[in-house]
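Enquirer:
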Amino acid sequence: MKKYVFVLMLLTAALLPRMGRAQANGAAVLANIQSRLTWRTPTDSVQQLAGALDRLRAQTPNPYLSYWGAFAQYHLYFRYGKDKQRAEAALNKGIALLEDIPTKNAEHYALLSLLQGLNLEFANFLTIPFKAGTVKENAEKALTLAPDNLRAHYARGINDFYTPKQYGGGKVAAAHFKQAIALADKPDPNPYAPDWGKADAYCYLVEAHKATGQAGLARQYGTEGLRKYPAHARLKGIVAKL
Amino acid sequence: MELICAQQCLRSLAVLCLLAGAARAQQPLLRGMVSDRTTGDKLLGATVRLANSPGAGTATDLDGAFALPGPTAGRPDTLLVSYVGYQPWRLPLTGAPAGPLAVRLTPGAVQTLAQVEVTAKRPIAEDFMVRELNFLQIVTNPAASADPLLAVRTLPAATNTDELASISLRGSDPSQTAIYLNNVPIYDAVKFAQLSGLGTFGIFSVDLVKSVLVFPSNPPLEFGNAGAGLISLSTDEQPRARFLQASLGLANSGVLAGTPVGKRGMLKAYVNGQDGRLLRAVNPASFRQLPRLGLVDGGVHLATKVGEYGTFKAFAYGIAEQYTYRVPNGPPDNQYRYRNRRGFYTLSYEQAWVRADFALAQGLSLRRADDAASNYRTTRRGHDAYAAAHYRRYWTDAFSTRVGLSYDERRLNVNGEFPSSSGSADPTQPPTYTATFGRGRTLWEGYQYTKLRRGPWTTGLGLRLNALPRPAQPGYRSAQLNLRRDLSARQFLNLSGGQYTATTTPEALQFPYLRTRTRQLALDYSYARPGLTVAAAVYAKDEHSVVSARLVGLEAYAERSFGAHFRADVGVAAVRAARLSFDAQDPNAAALARAQRRYNLPFSLKTNLRLAGKWGELGAFAQYRAGAPFTPVLGATTDPATGAVQPQYAATPNAAALPNYFRADISASKFVRRPSKAGSLVLFAVLSNVFNTENVSGYTYSADYQQATPTLFQRRLLYFGLVKTWQQGQ
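Those sequence lines, one after another, are chains A and B. Here the first sequence is numbered in our numbering, starting from 22 and rising by one per residue. Here the second sequence is numbered in our numbering, starting from 661 and rising by one per residue.
Okay, here's the thing in structure tokens:
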């Protein structure tokens, strides 16, 4: 009898830490997630994080896990570069994750708009007008839900920036990027809420002014952005070319 | 030395612990657990913060647990817990809670204006709707020919036993399917229409349509005059850059132009022409019975935002069409000629507020149709007028009521020359008579529809009444109950039932407008996740008019996407319709029973495939179903007084069945865009009835009714064309 009790105790001892570790892993995946998903994060780390989020979401579906999973796919799209097949798969997965959230907030719509905008590259000709409308619609939904959200302004700005002039683009991009850089990084005190986007908004604000021939303004915002984000490689590159 | 260091460290640690303890004494730690009130699920990531410290907060972990420093002793504060999709939770704090807090959040998003605006444009019963078709689903379906109504016909809920754009929903006659455009009913919304109102194509241009909502059963009661189901189309209001689009095709050619109006409006206008000569030259076998056909139609659509959350839409449409049908078994000049001219407009205005929305709709339609065959000819003039007002109030986010009043008038006047005997439509037997018939109906109706969401349940209750009963239009009522149970975020069950009233125009002139009372019950299941949709339904109906019908049916549907390039769907359906019942002593009722279709479909299988790539797009659609019931002619009798030959029908109408039906269509298209230009060119080709299957649609008989000749549905048909678009800035 004692032997069985001993074996049982051993099994319990062996299993409990695993369960605890699963929980702890879950918490660890989300802890400081924003700082672990940046442009400087190596591709394999983004992939590992995306995998961990997938596994956790399979156990406990949750809008935050979906959001960060989609954000990881957003990063992976850029990492995959010329491997168009993987890049498209990353976008499709990110879009599916966000579309699956039953009640979306401004953060979800903003990221969804960005992913869908990138995905137009792979759209079939019949789907382009329809999908382009959805991209804009989602950016506008994000703005309506949270007019003080920098990523909502960023998404609407990106949508306008990449919309050809003959389709009505290039009109409001600079204004939205300008608003984005003036807003708080993170209006939501939730530690799992995102705070990315401002440095990117600086990049595009410079690009938008450059595109309209306003070199002075481009330089001004570029310098201001570099002062705040001196390590941002893309911003450095853009300013260097001014 | 080491000991001293260790002692100092320990002392420092002790001081730190004491300080921390003191701080905790002043600022107690709030602990708790956040869960879903309905399901009990622990919520990960809920935001927990104090009202006086908006910038500081925490989030719940995987177990829904949180720990947050409480307010400083003596300073009252409020604990706030929020989570997307749930109502926020508040707890005033005057002291430290005795133990861990159990926070149970109630599902239900707080409405925003954006949501309200979107909701205001949709029927209140949209939770109970089963299918929505968008632009893409319409244009990529080879059997739809870019026609919104033909796209609906490819759904399993469409139980058509013909190839028309007039939609039979779940075993009911197409006349029982209401079609609304921007909240205005459009009667006989088809081109190449027959006298019965049934037609080959829908009149709606896919370039104007934003979405098509299909209620295959239990039409929402905010729309009147619908017995079986409802198709609600709304036009697109999104502004875009100025453009011009020209299409040139074997079947259809036209021009569509659009230009922004002001900052938030869009005007589109189009005109299409269809001349059957080219189509007939390429497909002579398919047009043996149609020596002549052609039409011209066009429309103008204006949509603009009014204020921040208002939308105004106006649409005007006109059509002139004609065709000549060579009657089989008759002399070569025995032709039926039909010409139709029609115009209508619709106006709609929608305004949303945070807790309410308001809508106005108005429409007017005028038509004139002339038809002739041998010694028969008629001219039919008619008009439809409609006006309605709707108001919806959200008592809470989950509880709303919509009320409304509508006026719906239809008038039809027929004058013409008719053969004296129905059996002697022959020029050699000339006696004819001229006559004028007039009929009409006016429906004043009021309704209320109340909807309540509570947890996974959504309940809707509607009542619609004849608001102004008169001897010509005695009182009637329609009522509806909808129950939806969300099984998860992706799947739900929907049970809907009710009694509905629809007044329709029978083809036979001797009948006034017929009122049909339909009782129906339907249970629908739906599961949807990205890339996969599964739906199933069982239903029962009892339709009562001069002729009564009962039926039960079931259907199942699955749609699967394999990546972005391949999509497949398959739908199966079966309808068991009892034989029509009517007063056998009433010859008019018997004639109506023979004319009315019986939708007995032991099986129906539809499948649709789509393959897309950079090389272009391929689509395929196939349908295989049981043959439609029909009433055979068994022989003929001669009236000794007039000498007219009268057909002798089988005693039970629609008791025989036509041969089974099979048809497959394929389409191919290619998009061409020159890199330096923003315009585009689309090349397309469609091959209908690929295997040239001889599907029997019915039989025509020789003058003495001794010889029956099968009439066939569409034979193999090829058409192709191109669509060229120029955008502003080119």
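From the three backbone atoms N, C-alpha and C, an ideal C-beta is built for every residue, glycine too.
Apply the 10 Å Cβ neighbour rule to Thr707(B) and answer buried if 16 or more other Cβ atoms are within range, or exposed otherwise.
Expert: Taking the second sequence and counting its residues from 1, the one referred to as residue 707(B) is at position 47. Buried: at least 16 other Cβ atoms inside 10 Å.
Enquirer: Can you list the beta strand (DSSP E) stretches of 3 or more residues lying completely in the stretch 1158-1195 of chain B, in chain order?
Expert: You should have 1174-1189.
Enquirer: Less than 8 angstroms between the C-beta atoms of Leu1183(B) and Leu1155(B), yes or no?
Expert: Position 523 of the second sequence, counted from the start, is the residue given in the question as residue 1183(B). Position 495 of the second sequence, counted from the start, is the residue given in the question as residue 1155(B). Yes, these two residues count as a Cβ contact at 8 angstroms.
Enquirer: May I have a chain-ordered list of the alpha helix (DSSP H) segments no shorter than 4 residues that lie completely inside the stretch 150-228 of chain A?
Expert: Complete alpha helix (DSSP H) runs here, min 4: 171-182 and 194-203.
Enquirer: Please state whether the Cβ-Cβ distance between Asn1355(B) and Tyr1321(B) is less than 8 angstroms.
Expert: Indexing the second sequence from 1 puts residue 1355(B) at position 695. Indexing the second sequence from 1 puts residue 1321(B) at position 661. In contact: Asn1355(B) and Tyr1321(B) (Cβ atoms closer than 8 angstroms).
Enquirer: Using a Cβ-Cβ cut-off of less than 7 angstroms, give me the residues of the stretch 186-209 of chain A that come near chain B, in sequence order.
Expert: Cβ contacts with chain B: Lys186, Gln187, Tyr188, Gly189 and Asp209.
Enquirer: What residues of chain B sit near Asn126(A), judged by a beta carbon separation below 7 angstroms?
Expert: The residue given as residue 126(A) occupies position 105 in the first sequence. Going along chain B in sequence order, the residues near Asn126(A) (Cβ under 7 angstroms) are Val744.
Enquirer: Looking at C-beta atoms only, is the number of pairs between the stretch 916-924 of chain B and the stretch 818-832 of chain B that lie closer than 8 angstroms three or more?
Expert: No: fewer than three Cβ pairs fall under 8 angstroms.
Enquirer: Would you mind giving the Cβ-Cβ distance between Asn843(B) and Ser1008(B), rounded to the nearest angstrom? I have them listed as a contact below 8 angstroms.
Expert: Within the second sequence, residue 843(B) is the residue found at index 183, counting from 1. Within the second sequence, residue 1008(B) is the residue found at index 348, counting from 1. Sure, about 5 angstroms apart at Cβ, within 8 angstroms.
Enquirer: Identify, in the order they occur along the chain, each residue of the same chain with its Cβ nearer than 6 angstroms to the Cβ of Lys1330(B), setting aside the five sequence neighbours on each side.
Expert: Taking the first residue of the second sequence as 1, we reach residue 1330(B) at position 670. The answer, listed in chain order, is Gly1276 and Leu1343.
Enquirer: Please state the DSSP three-state secondary structure of Thr800(B).
Expert: One-based indexing of the second sequence puts residue 800(B) at position 140. The answer is coil: DSSP assigns Thr800(B) none of H, G, I, E or B.
Enquirer: If you scan the stretch 941-996 of chain B from start to end, which runs of the beta strand (DSSP E) of 3 or more residues do you find wholly inside it?
Expert: Entirely contained in the stretch 941-996 of chain B, the beta strand (DSSP E) runs reaching 3 residues are, in chain order, 952-966 and 970-986.
Enquirer: Would you kindly work out how many angstroms separate the C-alpha atoms of Asn820(B) and Arg1220(B), rounded to a whole number?
Expert: In the second sequence, the residue the question calls residue 820(B) occupies position 160. In the second sequence, the residue the question calls residue 1220(B) occupies position 560. Roughly 24 angstroms between the two C-alpha positions.
Enquirer: With DSSP as the reference, please indicate the residues paired to Met693(B) in a beta bridge.
Expert: As a working note, residue 693(B) is residue 33 in the second sequence. Ala725(B) and Ala762(B).
Enquirer: Would you say Pro123(A) faces chain C, with C-beta separation under 8 angstroms as the test?
Expert: The structure shown contains no chain C; its protein chains are A and B.
Enquirer: Which partner residues does Pro845(B) have in the DSSP bridge list?
Expert: Taking the first residue of the second sequence as position 1, residue 845(B) is located at position 185. Pro845(B) pairs with Tyr840(B).
Enquirer: Taking only the alpha-carbon atoms, compute the straight-line gap between Gly1273(B) and Val866(B) and give it to the nearest angstrom.
Expert: Start at 1 with the first residue of the second sequence, and residue 1273(B) comes out as number 613. Start at 1 with the first residue of the second sequence, and residue 866(B) comes out as number 206. Cα to Cα, Gly1273(B) sits roughly 23 angstroms from Val866(B).
Enquirer: Pop quiz: Ala1188(B) and Glu1215(B) are said to be a contact at Cβ under 8 angstroms. What is the actual Cβ separation, rounded to whole angstroms?
Expert: Indexing the second sequence from 1 puts residue 1188(B) at position 528. Indexing the second sequence from 1 puts residue 1215(B) at position 555. About 16 angstroms; that fails the 8 angstroms criterion.
Enquirer: Which of helix, strand or coil does DSSP assign to Tyr95(A)?
Expert: Numbered from 1 along the first sequence, position 74 holds the residue referred to as residue 95(A). Three-state DSSP puts Tyr95(A) in a helix.
Enquirer: Terminal residues of the continuous alpha helix (DSSP H) containing Ser66(A)?
Expert: For this step, residue 66(A) is matched to residue 45 along the first sequence. Run containing Ser66(A): Thr64 to Gln80, per the alpha helix (DSSP H) assignment.
Enquirer: Thinking just about the alpha-carbon of each residue, which of Gln200(A), Arg240(A) and Asp65(A) is nearest to the one in Tyr101(A)?
Expert: Start at 1 with the first residue of the first sequence, and residue 101(A) comes out as number 80. Residue Asp65(A) is the option with its Cα nearest to Tyr101(A).
Enquirer: By the DSSP assignment, the alpha helix (DSSP H) with Gly237(A) in it spans what residues?
Expert: In the first sequence, residue 237(A) corresponds to position 216, counting from 1. Start and end: Ala236 to Lys249.
Enquirer: What does the alpha-carbon distance come out to for the pair Lys162(A) and Glu120(A)?
Expert: Position 141 of the first sequence, counting from 1, holds the residue named residue 162(A). Position 99 of the first sequence, counting from 1, holds the residue named residue 120(A). Their Cα atoms are separated by approximately 14 angstroms.
Enquirer: Let me know if Arg1114(B) comes out buried or exposed under the rule of 16 or more other beta-carbons within 10 Å of its beta-carbon.
Expert: Residue 1114(B) sits at position 454 when you count from the first residue of the second sequence. Exposed, because fewer than 16 other Cβ atoms sit within 10 Å of the Cβ of Arg1114(B).
Enquirer: Touch check for the stretch 1242-1262 of chain B and the stretch 1193-1207 of chain B: three-plus C-beta pairs under 8 angstroms?
Expert: Short answer: they touch.
Enquirer: Please confirm whether Leu1377(B) has its beta-carbon closer than 8 angstroms to some beta-carbon of chain A.
Expert: Looking up residue 1377(B) in the second sequence gives position 717. Answer no: the Cβ-Cβ gap between Leu1377(B) and chain A never drops below 8 angstroms.
Enquirer: Can you check DSSP and say which residues form a bridge with Asn1268(B)?
Expert: Counting from one through the second sequence, the residue named residue 1268(B) turns up at place 608. In the DSSP output, where bridge partners are listed per residue, Asn1268(B) has Asp1229(B) and Phe1281(B).
Enquirer: Which residues in the same chain as Pro880(B) place their Cβ atom closer than 6 angstroms to its Cβ, once the five residues preceding and following it in sequence are excluded?
Expert: As a working note, residue 880(B) is residue 220 in the second sequence. Cβ neighbours of Pro880(B) beyond the five flanking positions: Pro783 and Ala785.
Enquirer: Would you mind giving the Cβ-Cβ distance between Gly1174(B) and Thr1164(B), rounded to the nearest angstrom? I have them listed as a contact below 8 angstroms.
Expert: To locate residue 1174(B), count along the second sequence from 1; it is residue 514. To locate residue 1164(B), count along the second sequence from 1; it is residue 504. First, the residue type needs correcting, since residue 1174(B) is Leu and not Gly in the sequence shown. Indeed they touch by this definition, with Cβ atoms about 6 angstroms apart.
Enquirer: Name the residues in the stretch 1187-1212 of chain B whose C-beta lies less than 9 angstroms from a C-beta of chain A; which are they?
Expert: The residues in question are Arg1189, Pro1190 and Gly1191.
Enquirer: Can you tell me which of the three DSSP states Lys257(A) falls into?
Expert: Indexing the first sequence from 1 puts residue 257(A) at position 236. The answer is helix: DSSP assigns Lys257(A) an H, G or I state.
Enquirer: Can you tell me whether Lys851(B) is buried or exposed? The criterion is at least 16 other CB atoms within 10 Å of its CB, across all chains shown.
Expert: Here residue 851(B) is taken as the residue at index 191 of the second sequence, counted from 1. By the 10 Å Cβ count, Lys851(B) comes out buried.
Enquirer: Could you tell me the boundaries of the alpha helix (DSSP H) in which Lys105(A) lies?
Expert: Within the first sequence, the letter at position 84 stands for residue 105(A). Its alpha helix (DSSP H) spans residues Lys105 to Glu120.
Enquirer: Just the C-alpha distance for His253(A) and Ala73(A), rounded to the nearest angstrom, thanks.
Expert: Locating residue 253(A) in the first sequence gives position 232, where the first residue counts as 1. Locating residue 73(A) in the first sequence gives position 52, where the first residue counts as 1. So the alpha carbons of these two residues sit roughly 27 angstroms apart.
Enquirer: Are any of the Cβ atoms in chain A nearer than 8 angstroms to that of Val770(B)?
Expert: The sequence position of residue 770(B) within the second sequence is 110, counting from 1. Confidence at Val770(B) is low in this model, with a pLDDT of 48, below 50, so the placement of that residue should be treated as unreliable; the coordinate-derived value is given next. Not closer than 8 angstroms to any Cβ of chain A, the Cβ of Val770(B) fails to qualify, so no.
Enquirer: Which bits of chain B does Thr81(A) rub up against, with CB to CB less than 9 angstroms?
Expert: Your numbering for residue 81(A) matches position 60 in the first sequence. Those within 9 angstroms of Thr81(A) in chain B are Asp701, Lys702, Leu704 and Leu722.
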